[in-house]
Each structure stands twice: as C-alpha cells, then as structure tokens.
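Colleague: Going by my numbering, the sequence shown opens with residue 1, and the numbers climb by one from there. Glycine included, C-beta positions come from ideal geometry on N, C-alpha and C. One structure coming up, written as structure tokens, with questions to follow.
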Amino acid sequence: MAKIREVYEAARAKLNSDIPVAALRLLMVESNNLKNYAELDHSLEKEQQNEAVFWHQFESLNKGVPVQYVTNNANFLGDDFHVDSRVLIPRPETEELVEQVYRDLLLNYRDEPFSLVDVGTGSGVIAISLAKR
C-alpha cells in the first residue's frame, strides 16, 4: 500500500492546473478520514486508505467537479452535511448570514416563541444550523 505522501505527490503531479491544490488537500483529508489539514500534514507517512476509491474521486475532481460533490460532504459552521449535485454547496457568506440571523433572534425574540421557515431548503444547512443553536 502507498503512503499518503506518495499518493498526494502523484495526484499533485496529475492535477489539472485549473483545480486548486486546496481541493486536492481536502480530498486527501476526506479520503483518509482525517479531521483537518494539520492532521493530514502529520499523517503523510501513514498508508493511504481506500486508494482505488481515492483515485476514482480524484478523476472526478480533476474534471472540475467540486470536491464537496466528489466527497458528498460540506462543512458548515463546524458540522458536516451531505451534499450532491442536487443542492448548492454552502458558502461562507451563508454562514455569516446564519450567524447574523441567530444574533438578531437572540436580541429580538429571546423571551418570545417564534417560527422560522426555510423555503427550498436544499441540504438543510440553514434550518439545521439555526435549530441546533
């Protein structure tokens, strides 16, 4: 079995110039069940998990498929959500919006019951994130 470093270096050499290296690094994190880039950096000498699956995912990534669709995972406000091509990938601007809505709700409706409606919910990140708070 190949080490993570070897697989990463081979993939980096094949990476289409239009694809950000950060997307490859995120794919490496996801494919090895790591928590973050720092853990990836400390795990380079470990064996690559599911190398065949990684290379299949890499081919999709290299064709321009967003890494979140390739891995079916998007992080939003610290939580992981299932995403695929049927939903939009959550954006950092949406995280800011959810945080602002939450602050406004705390200020204006702290002691009152209220309801929220998320129309066209897609992946559900907005409604779920607000409900968890």
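Ala74 by DSSP, collapsed to three states: which one?
Modeller: If DSSP states are grouped into helix, strand and coil, Ala74 belongs with the strands.
Colleague: What did DSSP end up calling Lys3 once you bin it into helix, strand or coil?
Modeller: In the structure shown, Lys3 sits in a strand (DSSP, three-state: E or B).
Colleague: From the DSSP output, which residues share a beta bridge with Asp80?
Modeller: BP columns for Asp80 point to Asn75.
Colleague: Can you tell me whether Ser31 is buried or exposed? The criterion is at least 16 other CB atoms within 10 Å of its CB, across all chains shown.
Modeller: The residue in question, Ser31, is buried, as its Cβ has 16 or more Cβ neighbours within 10 Å.
Colleague: Under a three-way DSSP split, which group does Glu47 fall into?
Modeller: Reduced to three states, the DSSP call for Glu47 is strand.
Colleague: Do Gln48 and Ala11 come within 8 angstroms of each other at the CB atom, strictly closer than that value?
Modeller: No. Outside cutoff.
Colleague: Which residue from Glu9, Gly124, Glu51 puts its Cα closest to that of Leu77?
Modeller: With distances taken between Cα atoms, Leu77 lies closest to Gly124.
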